[in-house]
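Chains as they are written, first to last, in our numbering: chain A, 1 to 328; chain B, 329 to 656. Note that the Cβ used here is the ideal one computed from N, Cα and C, for glycine as well. Below is one structure, written out as structure tokens, with a few remarks after it.
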């Protein structure tokens, strides 16, 4: 028997501990092409909140009374699939539980990069890939560029700051509030703009008196407009997210969008999954940076499966910083 | 003695005939490195209106009491410069007059493409280059693409429509009013949207049920927003002008800009002068299209230097269509 967190009820507004129930779960036999996996690390992510609602999205909702899902790293304990042996470390989506039987084709064997395995749930996973390919491919950022990153204290933004510094760029990060701004400075950003302290246009203008060559956009809205205003010739914008606009009922307004022409700005929207074929290039660049400490991942580690709902609820009260992980 | 139109007074609001005076002008001797040129064709362009004001811009204002300037094609009649001989046809900026003495370095000898020389003032000049490089380079448009062009009845837009058709693309053009729309259809556009007949978003949606791969933007505003809404994956936008936003006091609003991410849209602002080094490539492509009739230039030709101010004033009453030229 495995133990797995189930969706006991759907939240109304902010989720509570009552929405979750830890229950024993019968595991199926390890049939042909299957492996049994003992989980070591479970990922705790804000997007899981969306899956608790019964609403169609880019990812299906959790089912009432069924086990929850999420990213996890586990070790194979029994294998009936070629190429996988007991002890192999694998990445898969059967989190929120201690053990699972899975089809081999639904998991990824971790490459041997000599780094801690839980990094594949964050900086060596989707988060890091988003930062790496957005900055270096979508925005074609290069040595010497002046790079502006919004939401620089966030998971993706903090990776962008560090990768840009590792690549010899000048980095300006924006974040909201003194604590987050201090963190962005610790990450190595040359200058930090607190967007709560005044209009971002004014703050960025002071931080980038010579303008910017690259903008990594996580928020849209007035940050994007400030980047239009301050773009140097042939500036490149990677458009990763527009969190500020998702919930707004008003259309986004841009006073400086016509600078796209005079400054020859290139804006490039991108989706990280398009870069999956280039994951080898990503690992080859990131592993040395992680080993040397040039790029670091801030983690909050919580021990034990029991603690997972509380760790998840903590996301919404801002109790934790960096990547939240459950260690089993 | 030459005859030249002078700026007699600055207009208040719309220019009038009183602002211009035709006066004899002493020509300097044809010194070392100079040529004397007899003008054959003079260009009449809306941008000249801006130069009549005493306002700093990307191009200096006309000076009160001095001869006006503008694009012109002339024949060398006397040369004191190497590489230029009587009879050579040259492109220069000493328009609004019949004859001028010019430094050889301030003019361009027309390449021998076997086409009528006045085309170098329009479809083989800045207008055509803007359309050609904007479409094929900034937007990377290619055979099979569905291309949307705003202001498709305008000088640049009508060239875009024809080049896109010559390159095997499907073309949707927008224009205001039935007459202009009919003209866009004559140019070969597959579908035409009259933006005065209803919201451009609705019109474009009906004209492009499968979406668009390329948008050539001459206007910004709601046209650009409609292009965001209807962009297919990996769509490319060439941002050439935002005429609709230049005079607006309200910031541009975009309801669909976040589609840049999901559709992986690339927006590229551009300035035609950056493509000057590639003018040979442009001539090599355009000359055959002009000879075969695949690309045509609509011209309104007015005879005689005397008629130039009236031809210019006609720009503002919509009296003419296509490129306005004075033939001497």
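Using the three-state DSSP reduction, which class does residue 47(A) fall into: helix, strand or coil? coil
CB-CB under 8 Å to residue 361(B), same chain, minus the five flanking residues each way: which ones, in chain order? 408, 409, 431, 432, 433
As a quick exercise: from 341(B), 623(B), 513(B), 349(B), pick the residue whose alpha carbon is nearest that of residue 392(B). 349(B)
Expected contact under 8 Å - CB spacing of residue 97(A) and residue 3(A) to nearest Å: 6 Å
Counting along the chain, where does the beta strand (DSSP E) carrying residue 344(B) start and finish? Note, residue 344(B): premise wrong, no beta strand (DSSP E); not H, not E.
Give, in chain order, every residue of the segment 381 to 395 of chain B whose Cβ lies closer than 7 Å to some Cβ of chain A. none
Neighbour flag for residue 270(A) against chain B, beta carbons, 8 Å: At least one chain B Cβ lies under 8 Å of residue 270(A).
Identify the contact partners of residue 582(B) in chain A, using a Cβ-Cβ distance below 7 Å as the criterion. Neighbours of residue 582(B) in chain A, taken as residues whose beta carbon is under 7 Å from its own, are 251, 252, 254 in chain order.
For residue 592(B) and chain A, any beta-carbon pair shorter than 8 Å? yes
Helix, strand or coil at residue 34(A) [DSSP, three-state]: Here residue 34(A) sits in strand by DSSP.
Express the C-alpha separation of residue 137(A) and residue 17(A) in angstroms, rounding to a whole number. 42 Å
Three-state secondary structure (DSSP) of residue 1(A): coil
Beta-carbon gap between residue 330(A) and residue 230(A) smaller than 8 Å: Past the edges of chain A, shown from 1 to 328, lies residue 330(A), and the structure says nothing about it.
Residue 589(B): which of 301(A), 233(A), 289(A), 218(A) sits nearest, CA to CA? 218(A)
From what residue to what residue does the alpha helix (DSSP H) around residue 174(A) run? Run containing residue 174(A): none in the alpha helix (DSSP H); it sits in the beta strand (DSSP E), 170 to 175.
For residue 39(A), does the count of other Cβ atoms within 10 angstroms reach 16, so buried, or fall short, so exposed? buried
By the DSSP assignment, the alpha helix (DSSP H) with residue 612(B) in it spans what residues? Per DSSP, residue 612(B) is one residue of the alpha helix (DSSP H) stretching across 607 to 620.
Extent of the continuous alpha helix (DSSP H) run through residue 425(B): Note, residue 425(B): premise wrong, no alpha helix (DSSP H); not H, not E.
Taking a Cβ distance cut-off of 8 Å, strictly less, list which residues of the segment 160 to 181 of chain A are near chain B, in chain order. none
Ignore the nearest five residues each way along the sequence and tell me which others in residue 89(A)'s own chain have a CB closer than 7 Å to its CB. Answer for residue 89(A): 73, 75, 110, 117, listed in chain order.
Counted within 10 angstroms of its Cβ, other Cβ atoms place residue 268(A) as buried (16 or more) or exposed: Answer is buried; the Cβ neighbour count reaches 16.
Kindly confirm or deny that the segment 153 to 166 of chain A and the segment 193 to 206 of chain A touch, where touching means at least three C-beta pairs closer than 8 Å. Flag = no, the segment 153 to 166 of chain A and the segment 193 to 206 of chain A do not touch.
Selection from 220(A), 254(A), 263(A), 256(A) that minimises the alpha carbon distance to residue 234(A): 263(A)
What are the residues that DSSP puts in a beta bridge with residue 242(A)? In DSSP, residue 242(A) forms no bridge with anything.
Are the C-beta of residue 242(A) and some C-beta of chain B separated by less than 8 Å? yes
Identify the residues that DSSP records as bridge partners of residue 162(A): which are they? Paired residue(s): none; residue 162(A) is not in a bridge.
Rounded C-alpha distance that separates residue 296(A) from residue 28(A): 39 Å
To which residues of the same chain is residue 182(A) closer than 7 Å at the C-beta, ignoring the five residues directly before and after it? none
Please work out which residues of its chain come closer than 6 Å, Cβ to Cβ, to residue 364(B), disregarding the five sequence neighbours upstream and downstream, and give them in chain order. For residue 364(B), where only same-chain residues beyond five positions count, the Cβ hits under 6 Å are 358, 405, 406, 429.
Enclosing alpha helix (DSSP H) for residue 120(A) [first to last residue]: Here residue 120(A) belongs to no alpha helix (DSSP H), and DSSP marks it neither H nor E.
Out of 140(A), 274(A), 147(A), which has the shortest C-alpha to C-alpha gap to residue 210(A)? 147(A)
On the three-pair Cβ rule with 8 Å, is the segment 265 to 283 of chain A touching the segment 120 to 137 of chain A? Short answer: they touch.
With distance defined between alpha-carbon atoms, name the residue in 340(B), 451(B), 377(B), 351(B) nearest to residue 641(B). 377(B)
Straight-line gap, residue 467(B) to residue 506(B) (C-alpha atoms, nearest Å): Spanning the alpha carbons of residue 467(B) and residue 506(B) requires a straight line of approximately 28 Å.
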